[in-house]
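As structure tokens, the structure follows; a few thoughts come after it.
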Amino acid sequence: MFEFAWPWIFALLPLPWLMRVVLPVADSGEPALKVSFLSDLEGLARRRARANLPAWRQQAPFMLLWLFLLIAAARPQWLGEPLPIAASGRDLLVAVDVSGSMDFPDMQWQDDEVSRLTLVQRLLGDFLESREGDRVGLILFGSRAYLQAPLTFDRRTVRVWLDEARIGIAGKNTAIGDAIGLALKRLRMRPAQSRVLILVTDGANNGGEIDPLTAARLAAREGVKIYPIGIGADPEESGTAGFLGINPSLDLDEPALKAIAAATGGQYFRARDGKELQAIKETLDQLEPVTQQPTQARPAQTLYHWPLAMALLLSMLLVVRERWPDNPFQRLFTKDLFLQTPLPDWRQRLKRLRLRRRR
Numbered sequence: 001m002f003e004f005a006w007p008w009i010f011a012l013l014p015l016p017w018l019m020r021v022v023l024p025v026a027d028s029g030e031p032a033l034k035v036s037f038l039s040d041l042e043g044l045a046r047r048r049a050r051a052n053l054p055a056w057r058q059q060a061p062f063m064l065l066w067l068f069l070l071i072a073a074a075r076p077q078w079l080g081e082p083l084p085i086a087a088s089g090r091d092l093l094v095a096v097d098v099s100g101s102m103d104f105p106d107m108q109w110q111d112d113e114v115s116r117l118t119l120v121q122r123l124l125g126d127f128l129e130s131r132e133g134d135r136v137g138l139i140l141f142g143s144r145a146y147l148q149a150p151l152t153f154d155r156r157t158v159r160v161w162l163d164e165a166r167i168g169i170a171g172k173n174t175a176i177g178d179a180i181g182l183a184l185k186r187l188r189m190r191p192a193q194s195r196v197l198i199l200v201t202d203g204a205n206n207g208g209e210i211d212p213l214t215a216a217r218l219a220a221r222e223g224v225k226i227y228p229i230g231i232g233a234d235p236e237e238s239g240t241a242g243f244l245g246i247n248p249s250l251d252l253d254e255p256a257l258k259a260i261a262a263a264t265g266g267q268y269f270r271a272r273d274g275k276e277l278q279a280i281k282e283t284l285d286q287l288e289p290v291t292q293q294p295t296q297a298r299p300a301q302t303l304y305h306w307p308l309a310m311a312l313l314l315s316m317l318l319v320v321r322e323r324w325p326d327n328p329f330q331r332l333f334t335k336d337l338f339l340q341t342p343l344p345d346w347r348q349r350l351k352r353l354r355l356r357r358r359r
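Now the structure itself:
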């Protein structure tokens with residue numbers, strides 16, 4: 001079905017005529033020449049004078065150009081048949097810690113040592129992209145929590161934004177309570193049986209304005225399930241020392257994360273390497289979806305480029321007609337060319353004109 005997305009644009013159709021009435025007439029600064037032998041001069045010039053054309057014919061190209069521009073601005077589009085969208089009804093937010101300790105390279109993945117954030121990006125990115133039918137979103141938190149991607153069905157874009165996350169982008173500290181509070185603000189308007197938050201961190205709460213347990217209790221009242229994931233190798237198994245020789249794995253506050261999971265009816269997971277995080281991903285994939293009212297969408301194909309191209313072509317023709325009146329395209333439609341008769345010299349034409357006037 002064809003329709004205009006913004007049909008109110010056509011209310012601007014009489015705007016050029018209103019401006020002509022309101023604004024004063026422009027003065028070209030050149031004197032007008034009135035002659036009685038205008039037809040003879042047109043023959044010499046091989047073009048018609050504009051004064052001989054009716055007013056509507058003079059304005060027709062510009063009226064058509066303005067109409068093409070309005071049609072393009074109104075966003076013409078072709079709407080297809082309604083298509084069902086798979087919607088399981090689960091709204092899933094992933095909050096990822098991007099503090100400085102997430103850059104610690106103590107994780108193993110495919111026989112390589114990678115940083116904690118890199119491993120989260122690879123495995124949780126696959127997890128988000130595979131959640132077909134779920135609305136997924138992304139929160140990045142450090143000293144503060146920021147909503148990187150709102151809840152959306154566009155899982156591919158959320159995965160790209162997760163891959164583009166960088167260490168320290170939200171500050172150096174870890175505000176777990178603020179991340180939970182921001183997730184609660186985004187999930188509280190959704191159906192109560194479908195609110196899930198996956199919290200990925202490697203440290204303890206040392207920033208922000210909200211206590212994590214207080215935020216967890218508020219989340220439990222709103223029916224938000226939280227699945228914390230503590231990431232980082234065991235201190236005794238990690239042979240890599242951090243800044244000043246201190247292993248960042250010592251900062252992980254597992255009791256607090258377990259308390260958050262217990263308060264909201266979720267489950268705490270511990271990821272010491274890539275295999276454990278892969279197993280956690282598979283466990284999270286088994287979350288039972290909640291049926292919601294099915295949604296539909298109509299694919300729209302934009303068509304504005306066609307009237308815009310016509311307006312561009314018409315404007316180019318008007319410029320050519322103004323700047324180069326004696327162009328090959330215009331000569332193609334002259335009578336002399338079709339009769340294949342050579343045109344006399346302009347001097348002879350002027351001489352004949354003078355003789356005719358003397359008689």
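Under full-length UniProt numbering, the residue at position 87 of the sequence shown is numbered 87, and the numbers go up by one with no gaps. All C-beta atoms, glycine included, are put in the ideal place defined by N, C-alpha and C.
- With a 10 Å radius around the Cβ and a threshold of 16 neighbouring Cβ atoms, F2 comes out exposed.
- Following the DSSP letters along the chain, one finds W78 inside the beta strand (DSSP E) bounded by residues P76 to L79.
- Counting only the Cα atoms, I71 lies some 15 Å from P61.
- When the beta-carbon positions are compared, G168 and V114 stay at least 9 Å from each other.
- Contact check for V196 against L138 fails: the beta carbons are separated by 9 Å or more.
- Counting along the chain, M107 sits inside the beta strand (DSSP E) bounded by residues M107 to W109.
- Counting the other CB atoms within 10 Å of its CB gives M102 a total of 16 or more, which places it among the buried residues.
- Counting C-beta atoms within 10 angstroms of its own C-beta, Q110 has fewer than 16 neighbours from the protein chains shown and is therefore classed as exposed.
- Here S130 is exposed, its C-beta having fewer than 16 other C-beta atoms within 10 Å.
- Bounds of any beta strand (DSSP E) do not take in L12, whose DSSP letter is neither H nor E.
- DSSP, reduced to helix, strand and coil, places A183 within a helical segment of the structure shown.
- In summary, Q148 is buried, with 16 or more beta-carbon neighbours lying within 10 Å of its beta-carbon over all protein chains present.
- The alpha carbon of F10 has as its nearest neighbour, out of I229, N205 and F68, the alpha carbon of F68.
- Bridge pairing for I139: A95 and L147 [DSSP].
- It is roughly 18 Å from the alpha-carbon of G266 to the alpha-carbon of V136.
- Distances from the CA of G207 to each of L303, A219, A179 and L83 were compared; the closest alpha carbon is that of A179.
- Under the DSSP assignment, F127 falls in the alpha helix (DSSP H) whose first and last residues are R116 to E129.
- For P212, the enclosing alpha helix (DSSP H) begins and ends at P212 to R221.
- The C-beta distance from A311 to T264 rounds to 58 Å, too long to meet the 8 Å contact threshold.
- In its chain, beyond the 5 residues on either side, R159, L162 and D163 have a beta carbon closer than 8 Å to the beta carbon of G125.
- R188 is the residue among K258, P7, R188 and Y227 whose C-alpha sits nearest the C-alpha of L218.
- Taking C-beta atoms under 8 Å as the contact rule, I260 and I229 fail to qualify, at a distance of about 11 Å.
- With respect to the 9 Å criterion, I226 and V120 are not classified as neighbours on the basis of their beta carbons.
- Rounded to whole angstroms, L303 and A74 show a C-alpha spacing of 10 Å.
- Burial is judged here by how many other beta carbons sit within 10 angstroms of a residue's own beta carbon; R298 has fewer than 16 and is exposed.
- Closest by C-alpha distance to L213, out of L257, R186 and K185, is L257.
- With contacts defined as CB atoms closer than 9 Å, F153 and L182 fail to qualify as a contacting pair.
- Considering only F269, R166, F4 and L252, the residue with the shortest C-alpha distance to D202 is L252.
- Following the DSSP letters along the chain, one finds R156 in no beta strand (DSSP E) but inside the alpha helix (DSSP H) bounded by residues R155 to D163.
- Rounded to the nearest angstrom, the gap between the Cα atoms of G100 and N173 is 8 Å.
- Counting other Cβ atoms within 10 Å of its Cβ, L18 stays below 16 and is therefore classed as exposed.
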